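Taking it in order: structure first as structure tokens, then the write-up.
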Amino acid sequence: MAVISYHTVLPMEMMNSDQPIASELAKVYIGQAGVVLFAIAVAFSTLGGALLSIIGSSRYLQAAGAQGVLPSCFGLINRRFRTPLLALIYLAISTGIFILVGNVTSIISYMAYAYYPFVILCCLAIPVMRHTKPDVERPFKVFLGFPLLMGVCMALMFGIPFLGPGWILPCSSIAGIVLGVPIYYLFVHKRHHLSCLSNISSKITAFLGRILNSEVNFQ
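1 is the number of the first residue of the sequence shown in the working numbering; add one for each residue after it.
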């Protein structure tokens, strides 16, 4: 609906310019006061989106650590606030490093290319599990066309950059994903991990649990 509104009110030349479209729309409807109101609304929306991303991402790490997909230290939960404190600290440090060594546009592109493959796999998992496990209880059931359409769109968004001059960035993102495979087998996998590394990981988890006042014996 927002895109339809933009095309209805604004000319195509303005749509193709580098000006913020939402502000131009507000300026047409309300005037300069609308630009200020839209800027404030966008600021609150961005802050809300950032908070949601921080809350969700930290709990992804915590759940993965608790279930043995990541090193166990990521599963620590603060005893007082019941928050994944170590995961939040890790996100803060990694985000700071990305900002220092690159620019915001590159960071967004890098994270998007790392995000697309997993969305595609999730979209493909729905029809596969619908076929292989038809009797599994589901809280709700979606029309198969929706995940398939989203999977195709994500595949196009993921694959098209490889055909252009900016192919290095998606390749580096894929390399970052692949780098996690040996780390998983060395530190996490129950059959292939090295026992010495597992012992080191357990000691690090216990130490960080004491330092951060966090639960160590999670399920």
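Even for Gly, the Cβ is constructed at its ideal location relative to N, Cα and C.
Model, not experiment: these values are computed from the prediction.
For R59, the enclosing alpha helix (DSSP H) stretches over residues Q32 to A66. The three-state reading of DSSP puts E24 in helix, counting H, G and I together. Listed in chain order, the non-local C-beta contacts of S173 below 7 Å within the same chain comprise Y110, Y113 and A114, local neighbours out to five positions each way being set aside. Excluding five sequence positions before and after V136, the CB atoms of its chain that fall closer than 8 Å to its own CB belong to M129, given in chain order.
By alpha-carbon distance to I120, the top candidate from G180, M154 and Y184 is M154.
Inter-residue distance for S58 and G65 is about 11 Å (C-alpha atoms, whole angstroms). As DSSP reads the structure, E215 sits in a beta bridge with I77.
Note that the C-beta distance between L212 and L86 is below 8 Å.
Secondary structure within the stretch 126 to 160: the alpha helix (DSSP H) runs of 4 or more consecutive residues, fully enclosed, are 145 to 159 (chain order).
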